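Chains as they are written, first to last, in our numbering: chain A, 1 to 409; chain B, 410 to 684; chain C, 685 to 978.
All C-beta atoms, glycine included, are put in the ideal place defined by N, C-alpha and C.
Being a predicted model, the structure only gives us computed values, none of them experimental.
As structure tokens, the structure follows; a few thoughts come after it.
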Amino acid sequence: MTKLTTTLAALLLLGTSPVAAETTVRYMTFSAAPDYLDELDATIAAFEAAHPDIDVSYETASFNDYFTKLQTVIAAGQAPDAFELNYENFVSFASKGALADLGPLMAADSGFSTAIYNPTALAAFSQAGKQYGLVESFSNVVLFYNKDLFDKAGVAYPSADWTWKEELEAAQKLTDAASGAWGSFAPIQFWEFYKTIAQNGGAMFNADKTEVTLDSPANVEALQWMVDKVARYRVTPSDAEMAGQGDGDLFKAGRIAMLRTGIWMFGDFSANAKFNWDIALEPGNTAKAHHFFANGVAVSANSANQQAAYEWLKFLTSSKEAVEIRIKAGWELPAVTDASYVQGYLDQPAPESREVVFQALDTAVTPPVINNWNQLTDIVGKELEAAKLGQKTPQQALSDAAAAVRPIL
Amino acid sequence: MARPALRPADVATYAVLAAGALVMLLPFVWMVSTSFKTGEATFVTPPQFIPANPTTDNYARVFSTVPMGQFFVNSLFVSVTSTALMVLNCAMAGYAFARIRFPGREILFYAYLATLMIPQQVTLVPLFALMTWLGWGNTYQALILPASFGAFGTFLLRQFFLRLPREVEEAAFIDGAGYVRIFFSIGLQLARPALATLAVFAFMASWNSFLWPLIITSNQSMMTLPVGLSFLNGRYATDWNVLMAGAVIGTLPILAVYVFAQKYIIQGLATTGLK
Amino acid sequence: MEAVSGRGRLIAVLVLVGPSLVGMTAFYILPVLSSLVVSFAKWDLLSPIRWIGLANYANALADPAVQQALGNTVTFIAGYLPTVVALGLGLALLLNRRLKGRTFFRAVYFVPVVTSWVAVSLIWKWLLNPQYGLVNYALSLIGIQGPGWLFDPAWAMAGVVLTSVWKDVGFVTVIYLAGLQDIPESLGEAAALDGATTWQKFRFVIFPMLAPTTIFVTTISLISSFQVFDQVFIMTGGGPVGATTTMVQLIYRNAFSYSAMGYASAISWILFALIFTVTLVQNLLQKRLDRSDG
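Set out below in structure tokens:
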């Protein structure tokens, strides 16, 4: 069945089912649209079969538009009962009191233990000792590499003990202007930056986030390294050289040997990369560091159906049915601990070294979230862009960023 | 009588107009061409106008990502309905503003005009609150009604009626007809070119509207084409083949309507005394 | 014409203006007024609203981001407005000549006007691709190495202006064509008999006669270009390095990304004051012209 007919059928069913004694949970999501609507429908169908008294209706928006929409809806007093949040936005929604404390609901739910969730991932969705959300999925970023290009250049595959130095040496051998192949790629933007500085022992703030340390020597050195790979060593293409192609597209075309990108690319690369590839831990400089991104789901503080919404979220994040649907479709990685759930993930063919995904969790860095998160990403992102384009030196860019960030901290 | 030879000035005019026409049309040709290309044929220099291995995959991917057919139907229904309502509303109000003296007329008119100068982005939340209070979230009326009223159209029609000589109406008055009857029997007839102009603007505005439909629709059964294109842009940010296929689907229907109706549209625009 | 009784007039006003008044009040005037109210408050959309008086206005006037956005908006207008008006007028003059096929050309120039901004933005983002785009390819044919366009802070706004001119020039052309039809041909002929050159005819006869059209076109283009948003939203998102962050882009970002609805509303009202002033000046100009006509 096509998505159109599934959606229409689902709507028709929703429209015709008796509403008398039933509760309808309104759920809003970004990760399901537009690619995983079939999976969401299947998950909802399984949930409704298990809970005949609850209906789930959903609304979707693409990630770019999602928060505009969600905030408008909440501001107008029409919050959905349950909605999806990435970790970064979770923090500001929770601190503004928009989310219901799930603690009492979980305490009353005797048959359920949070031990099913990865503890780090679940802890991300708590604030001040209260659990405001359940963790739905996580993803991280590792080093993808094109084995064929390595073989051709006679370079050994990346290993866990590689540092930036080994990465650069390999990248220089792998870069081949004649064939248009580049040695290594990592974008120069906010997210890549806070991880790269962690690989150099740096951080954007002090531990309790009261002071801005953006322009520390370790950070300047890290940004210099990011910029040098493009401008000095010429092992990474510039924006103009990429010419509107994504890094994933270039990797698939066999034109990038090493790529730092998310595990969400597995499906695409498995289907469309016509060469051998695998993944490895990222090289660091003085430390190992890997991105950790999590999506969670929360219940609105104003929902009249908190119990039903909680049931749905619990099912969506931890039930065997939901987890299996998710893994089979490659719809991110459920953050559950049960080995039998995860085995299905490890068993999938490419890439060979799937265990790296879990190894990377040991050195995870979470986004340096503050209340004015979107201002922070815009300010720092803009300065990084200036450094990338050579308008400012890394030192200048980071000093300017630090000065602009201090007032919003 | 011999046909006069082309004068040099005419040749120059044709050359300029033809070059300009090329600039206007080439982007569309390029859009269509890219939409039928494979990834490999896209990133090549010099660019290929006729794809080497044409493919319809990109269209298949657009339709498997978002139900463009449904979006098209929604866009068409919303635009046609709101255009009809807009033309009627603006004509009635514009006529009254031009012809009938009533207390508060000036203030009201300036209040209308002021709404043009506030960016729509900050009125989204109050408007959304109103719609949900009415229980109209994710409905056609929520998409249609805000696009059925507007200060620009009222202004346009008021100016038109102000310039129109009153003689014909005077005669009707002597026959004892009231304003309402005169408007419907005479005003509307006389205003046809101006109405056509407004219809074009209203249709375009509604057809292209993006932010409001994005906010007020909550599932794909109600979404419109620009929202669908934005979905594609979010999903295939660097996949130009799919994006161009989406752009073709979003553009062709309106172009078809335009090619069919352009004579009336442009004549309407040209004769309305819009200036 | 005031023969109709007071009561009759009242009924007529109710019937004719009533529907419009209800709709305009509900969907435009009330939301606009609420944005004025919100501009005196701190409101993050999620927690309760808090009144802070004029603080938003004071902050906005001192905010370098507002100044930069205003600068970018003015840059856009400076590039866009004269170009689109001059090109539109030029095309209208050419299309006003009795030539075969002018209906065809008129139709062609209007095609981008009816295409949606989302689609146009996507198309031009691709056309302006530095390496594989058609624009730089065309430039390379005449020996020019094209710039990085949307990737280059120095050229990104030029790319947005180019796209906007391309989309809107047909609209301006058609309006000028309408204006030209009101100019009696005898005027031009008389001037020609007096020995005026084509340029003199244009400069001293046609252009002054077109003044009302020029004012109309510049006014509505000005109001809309102060609010330039859709093309920037899709093409650049305000980048690179903030080079294309316009006023409305900044307003949108404050409202929905930074959750500062009060602040966004205050910036909107500052923008309103700006647009209002400019429109007022235009209006006065028109009145003076009208008087000198009569």
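Pairwise C-alpha distance: residue j and residue i
i: THR163(A); j: PHE251(A); result: 22 Å
i: VAL496(B); j: SER689(C); result: 28 Å
i: MET28(A); j: LEU431(B); result: 46 Å
i: ASN820(C); j: GLY755(C); result: 27 Å
i: LEU533(B); j: SER618(B); result: 13 Å
i: PHE711(C); j: TYR936(C); result: 19 Å
i: GLY659(B); j: VAL804(C); result: 10 Å
i: LYS809(C); j: VAL438(B); result: 15 Å
i: GLU221(A); j: GLY854(C); result: 52 Å
i: THR68(A); j: TRP373(A); result: 15 Å
i: ALA153(A); j: GLU324(A); result: 40 Å
i: GLY922(C); j: GLN915(C); result: 10 Å
i: ALA203(A); j: THR897(C); result: 59 Å
i: ALA401(A); j: SER216(A); result: 12 Å
i: PHE913(C); j: SER848(C); result: 11 Å
i: ARG508(B); j: PHE561(B); result: 18 Å
i: TRP616(B); j: GLN550(B); result: 15 Å
i: GLU22(A); j: SER627(B); result: 21 Å
Close-in-space but distant-in-sequence residues of the same chain around residue i (CB under 8 Å, 5 per side omitted)
i: ARG691(C); result: none
i: SER824(C); result: GLY830
i: PRO738(C); result: The amino acid occupying residue 738(C) in the given sequence is Leu; Pro does not appear at that position. Closer than 8 Å at the Cβ level, and outside the excluded window around LEU738(C), lie PHE724.
Near the ligand HEM: residue i beta-carbon under 7 Å from a heavy atom
i: TYR233(A); result: Among the ligands in the structure shown, none appear at all, so the ligand HEM cannot be discussed.
Within-8 Å CB hit, residue i to chain B
i: SER179(A); result: no
i: GLN911(C); result: yes
i: PRO703(C); result: yes
i: SER800(C); result: yes
i: ARG691(C); result: no
6 Å Cβ shell around residue i - same chain, five flanking residues per side excluded
i: VAL889(C); result: LEU871, ALA875
i: THR7(A); result: A caution first: THR7(A) carries a pLDDT of 43, below 50, which makes its placement in the model unreliable, though a value can still be read off. For THR7(A), where only same-chain residues beyond five positions count, there are no Cβ hits under 6 Å.
i: SER971(C); result: The sequence given here places Lys at residue 971(C); Ser does not occur at that position. Closer than 6 Å at Cβ, skipping near neighbours: no residue.
i: THR920(C); result: LEU834, ALA840, THR928
i: GLY863(C); result: LEU894, THR897
i: ALA948(C); result: ILE935, ASN938, ALA939
Short CB-CB distance (under 8 Å) between residue i and chain C
i: LYS96(A); result: yes
i: LEU14(A); result: With a pLDDT of 42 at LEU14(A), under the threshold of 50, the modelled position of this residue cannot be trusted; read the value that follows with caution. No, LEU14(A) lies away from the interface with chain C (no Cβ there is under 8 Å from its Cβ).
i: GLY244(A); result: yes
i: PHE93(A); result: yes
i: VAL420(B); result: no
i: GLN391(A); result: yes
i: SER444(B); result: no
i: PRO574(B); result: no
8 Å Cβ cutoff, residue i in contact with chain A
i: VAL531(B); result: no
i: GLY843(C); result: no
i: ASP643(B); result: Here residue 643(B) is Gly; the residue named in the question, Asp, does not match the sequence. Output row for GLY643(B): interface = yes.
i: VAL925(C); result: yes
i: LYS684(B); result: Annotation note: pLDDT 43 at LYS684(B) (below 50); position unreliable, coordinate value reported separately. For LYS684(B), the answer is no, since every Cβ of chain A falls outside 8 Å of its Cβ.
i: LEU729(C); result: yes
i: THR541(B); result: yes
Cβ neighbours of residue i in the same chain (closer than 7 Å, five flanking residues each side left out)
i: LYS130(A); result: ASP101, GLY103
i: SER238(A); result: VAL230
i: TYR423(B); result: none
i: GLU211(A); result: PHE205
i: PHE794(C); result: GLY854, VAL858
Counterpart residues of residue i in DSSP-defined beta bridges
i: ARG734(C); result: LYS726(C)
i: ASP176(A); result: ALA181(A)
i: HIS291(A); result: VAL365(A)
Short-range partners of chain C found in the stretch 367-386 of chain A, where Cβ spacing is below 8 Å: ASN372, ASN374, GLN375, ASP378, LYS382, GLU385, ALA386
Cβ-based contacts, 7 Å cut-off: residues of the stretch 939-966 of chain C near chain B: ALA939, MET945, ALA948, SER949, SER952, LEU955, PHE956, ILE959, PHE960
Within 7 Å of chain C by C-beta, residues of the stretch 468-497 of chain B in sequence order: none
Near-chain A residues of the stretch 603-636 of chain B - C-beta to any C-beta below 8 Å: LEU623, ILE624, SER627, ASN628, GLN629, SER630
Under 7 Å (Cβ pairs) to chain B, residues found in the stretch 709-726 of chain C: ALA710, PHE711, TYR712, ILE713, LEU714, PRO715, VAL716, SER718, SER719
Within 7 Å of chain D by C-beta, residues of the stretch 816-834 of chain C in sequence order: Absent from the structure is chain D; the protein chains it does hold are A, B and C.
Chain-ordered residues of the stretch 66-77 of chain A with a beta carbon less than 8 Å from chain C: PHE67, THR68, GLN71, THR72, ILE74, ALA75
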